[in-house]
Structures are given as C-alpha cells and as structure tokens.
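Single-structure report; data block below.
In my numbering, the protein residues as written are 601 to 706.
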C-alpha cells in the first residue's frame with residue numbers, strides 16, 4: 601500500500617493509494633467540508649487497472665448520499681490524474697505483476 605500525506609492547508613487531509621485483486625486500484629481520502637470546517641468526509645474511488653477509468657465511487661457527504669455526485673469525488677479524480685499519478689502507476693504495476701504471477705501457477 602502506498603500512502604501519501606498532502607499538506608494540511610489543503611482541503612485534503614490524507615490520501616491512500618492501494619489495490620485489491622477483486623476490486624482494482626483504490627484511492628481514498630479524507631477531504632474537509634467546505635461548509636463545516638470541523639467535518640471531514642471519507643471519499644473513495646476505484647479505478648479499473650487496465651483503463652484507469654473510475655468504475656466505482658463513494659463519499660459520506662450529504663451531497664453524495666442524495667445525488668450520488670459531489671465535489672469531493674471530482675477533486676479526488678483530479679488529484680488521481682495529477683498529484684497521485686505516480687502512486688497510481690506504481691499500484692497498477694504491482695497489481696498487474698501479482699495477477700501475472702497468480703496466472704502462472706496454472
């Protein structure tokens with residue numbers, strides 16, 4: 601698992617990039633609420649390991665609960681393509697190597 605700390609002055613308090621063979625590449629973050637400074641929302645996206653497209657997302661904010669869309673998800677998608685790009689690629693390579701190894705067991 602690769603974990604990255606983003607400076608605390610950012611809205612993003614913590615990020616993690618890891619993979620599970622059953623799901624794909626998972627990027628999670630604690631993102632501060634814009635309206636309530638004392639609230640942090642747990643946000644998560646799952647990427648397909650081949651296309652790196654978002655296949656699933658979730659957030660514990662009210663917006664996502666009612667609309668299944670929120671700015672926290674969009675922010676996490678954006679940093680996955682920029683600030684976390686290297687970590688995503690590392691997780692992808694590790695996952696593909698492990699799948700290759702498992703396939704070779706016969």
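Glycine included, each C-beta is placed from N, C-alpha and C at the ideal position. Please read all numbers here as calculations on a predicted model, not as lab measurements.
For a quick check, are the C-beta atoms of residue 615 and residue 635 less than 8 Å apart? By one-based count along the chain shown, residue 615 stands at place 15. By one-based count along the chain shown, residue 635 stands at place 35. The Cβ atoms of residue 615 and residue 635 do not sit closer than 8 Å to each other.
Can you tell me whether DSSP reads residue 658 as helix, strand or coil? One-based indexing of the chain shown puts residue 658 at position 58. Residue state for residue 658 is assigned as strand, using DSSP reduced to three classes.
Along the chain, where does the alpha helix (DSSP H) containing residue 688 start, and where does it finish? Along the chain shown, one-based indexing puts residue 688 at 88. Note, residue 688: alpha helix (DSSP H), 685 to 704.
Is it buried or exposed, residue 679, if we count other Cβ atoms within 10 angstroms and call 16 or more buried? Counting from 1 along the chain shown, the entry for residue 679 is found at position 79. Its Cβ being crowded by 16 or more others within 10 Å, residue 679 is buried.
Length of the line joining the Cα atoms of residue 608 and residue 691: By 1-based counting over the chain shown, the position of residue 608 is 8. By 1-based counting over the chain shown, the position of residue 691 is 91. Model confidence at residue 608 stands at a pLDDT of 44, short of 50, so the residue's coordinates are unreliable; what they give is reported in the following sentence. Whole-angstrom Cα-Cα distance: 24 Å.
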